[in-house]
Amino acid sequence: DNSGNVLWAVNDGGIGNDKAYGICRDNQGGIYVTGSYEQTATFGTYPMTVQGISDVFTTKYDPSNGNNLWALSGGAEDQDIAFGIGVDNSDKLYITGAFRLQAFFGSALNASAFDEIFLVKIDNVLSVEDIEANNHYVQLFPNPASALATLSIDPAFFTRNAWYDITDVAGKVVQTEQLGDASSSVDLSALPAGAYLLRVNTENGAAVKQIIKQ
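With the first letter of the sequence shown counted as 1, position 72 gets the number 73 in this note's numbering; the numbers rise by one all the way through.
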């Protein structure tokens, strides 16, 4: 604060060499950080796995407590690093850095030789309307389920570094898992009976389904 007192501190990353190079704030005080990570890393409840040597991460923090509100990954088969991030008056994000060979940020970029620069523009937040519009891409069955449920994602919506998280009625994340395929099993056996929200997160957006655990 203004007196020099530490209000909160957080750390993210994993087993590799993880670095933050850029930071900015939006009009509501939301904090965005971008950089690179190696091997596997976790940003709050959002797991990521690199496709090459290093990939780009971007994450948003709640300014009141430092919690991760979302996190995204981009890159491909070699070394990809983000060095800067900025936000415009409409709260759209701009990320720039360098990549080698090929990188994927919603669409594929190809380098002619050695390192080339990239510039990516993304929405900072998915609205409720955006999420609801994506729900038809995701099927979850059986529902209710007592142990295992099948999560089926339309291949047009599924991307690498996709994951799901499950929240309870209090809004607490109780389970999260990275998705390696468009069709996966969700193990509910460790959860108490009740209603939950399962959110699928991909590079194309997010979708939410309610699941009842019997």
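Ideal placement from N, C-alpha and C gives every residue a C-beta, glycine not left out.
Own chain residues within Cβ distance below 6 Å of residue i, not counting five before or after
i      : result
Val220 : In the structure as shown, the chain begins at 2 and stops at 215. Residue 220 is therefore absent and cannot be evaluated.
Ala134 : none
Gln176 : Ile167
Gly85  : Gly23, Thr97
Helix, strand or coil at residue i [DSSP, three-state]
i      : result
Ala208 : strand
Ala134 : helix
Thr160 : coil
Gln140 : strand
Asp19  : coil
Thr168 : strand
Ala10  : coil
Same chain only: Cβ atoms within 8 Å of residue i, ignoring 5 sequence neighbours per side
i      : result
Asn66  : Trp9
Gly195 : Asp169, Val170, Ile213, Lys214
Ala191 : Gln176
Counterpart residues of residue i in DSSP-defined beta bridges
i      : result
Glu117 : Phe100
Val88  : Leu94
Spatial neighbours of residue i in its chain, beta-carbon cut-off 7 Å, leaving aside the 5 residues before and after
i      : result
Ala104 : Gly75, Gly76, Ala77, Asp81, Leu110, Phe119
Ser1   : A question about residue 1 goes unanswered here, because the residues of the chain that appear run from 2 up to 215.
Gln52  : Gly76, Ala77, Glu78, Arg161
Asn18  : Glu39
Gly14  : Tyr38, Ala42
For this session: Scan the stretch 170-202 and note each continuous beta strand (DSSP E) run of 3 residues or more that stays entirely inside, going in chain order.
Result: 174-180, 184-188
Problem set entry | Complete runs of the beta strand (DSSP E) confined to the stretch 56-84 [at least 3 residues] | Counting only unbroken stretches of 3 or more residues, the beta strand (DSSP E) elements lying wholly within the stretch 56-84 are 56-62, 69-75, in sequence order.
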